[in-house]
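Take a look at the structure set out below.
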Amino acid sequence: AAVLPYPLGSTSPLLFIYATVLLGAGVGAIHLKKLRCR
7 AAVLPYPLGS TSPLLFIYAT VLLGAGVGAI HLKKLRCR
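All residue numbers for the sequence shown refer to the working numbering, where the first residue is 7 and numbers rise by one.
This is the structure:
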């Protein structure tokens, strides 16, 4: 479930962008949780 360097030719750009957005949202949520705990 880790982000892999997909070859742009075999994977649609939309899927790659979707995975990047999901990763960014997950990192943002972790930072928000850390800020709330302080």
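Positions of the beta carbon are idealized from the N, C-alpha and C atoms, including for glycine.
Whole angstroms are fine: how far does the CA of residue j sit from the CA of residue i?
i: GLY32; j: LEU20; result: 18 Å
i: ILE23; j: LEU29; result: 10 Å
i: LEU41; j: VAL27; result: 21 Å
i: ALA25; j: ALA35; result: 15 Å
i: HIS37; j: SER18; result: 29 Å
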